């Protein structure tokens, strides 16, 4: 069974092979194809869609890596995309950084990367730049991912927590706690009955329908704590 070695993060031939054979193929797009140290985005194209950028970043550490309804890769795309989308923006571009533990099975990494690629592609998001580091065995728990995302907020959309006030109505788009309950059940081997499954998904299509709805003041991607606790 092939596994991640320290050489895959050293900047040499093994790393270039990992980047070329896995990341470049899975995330293939014109920005990555330039093979620069940064993604070069068309500012005029972005400016034509609105007057402000939404920019967010998040890091993902989860055990187990795979769970009913998703995996750490899907979560890393959905979580950051949704943090951008709740501003009213359409998430367009993501960066991704991987911290890999020496000895991680290559098949596991491939499954995670391919899931990220599929999730992003289905949401119209391009993963345009990234980074990979490998740490010695025991210095990390298999695989950590950081993603950052940007999108353009349409002119006239001013959603935000500063807009809300006492007496406003709070609406939720579905049941709360599905993801957390699924992970807790697996991690603690609680043996809970029922078809527990993470509701991990990119919410952009749902959020876009609210752009023309009067009275919307703020949106939030409910993850840890708060109403999800």
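Residue numbers (full-length UniProt numbering): 1 to 229. For glycine and all other residues, C-beta sits at the position ideal for the given N, C-alpha and C. Predicted, not measured: the structure shown is a model, and the values here were computed from it.
Residue 128 is positioned such that its CB atom lies no closer than 9 Å to that of residue 54. Listed as beta-bridge partners of residue 149 by DSSP are 56 and 94. Here residue 142 carries a coil assignment [DSSP, helix/strand/coil].
Contact annotation, residue 210 with residue 202: C-beta distance approximately 15 Å; criterion of less than 8 Å not satisfied.
In the three-state DSSP reduction, residue 61 falls in the coil class, being neither helix nor strand. Beta bridge pairing from DSSP links residue 129 with 95.
For residue 8, there is no enclosing alpha helix (DSSP H), since its DSSP letter is neither H nor E. Straight through space, the alpha carbons of residue 6 and residue 26 are spaced by roughly 22 Å. For residue 24 and residue 16, the gap between their C-alpha atoms comes out near 10 Å.
Shown here, residue 71 sits in a strand according to DSSP, grouped into three states.
Setting aside the 5 residues that flank it on each side, residue 22 is surrounded in the same chain by 109, 110 and 113, each with a C-beta closer than 8 Å to its C-beta; the list follows chain order.
Judged by DSSP secondary structure, residue 47 falls within the alpha helix (DSSP H) whose first and last residues are 43-47. Distance from residue 154 to residue 50 at the Cβ level is roughly 4 Å; contact confirmed, criterion being Cβ atoms closer than 8 Å.
Rounded to whole angstroms, residue 10 and residue 189 show a C-alpha spacing of 37 Å. Of 132, 75 and 212, the smallest CA-CA separation from residue 156 is found for 212. The residue among 38, 163, 60 and 104 with its C-alpha nearest the C-alpha of residue 135 is 104. By the Cβ rule, the stretch 80-99 counts as touching the stretch 55-65, because three or more pairs are nearer than 8 Å. In this structure, residue 92 sits near residue 46, with a CB-CB distance shorter than 9 Å. Counted as a single uninterrupted DSSP element, the alpha helix (DSSP H) harbouring residue 180 occupies residues 178-187. Taking a 10 Å sphere around the C-beta of residue 130, we find 16 or more other C-beta atoms and assign the residue as buried.
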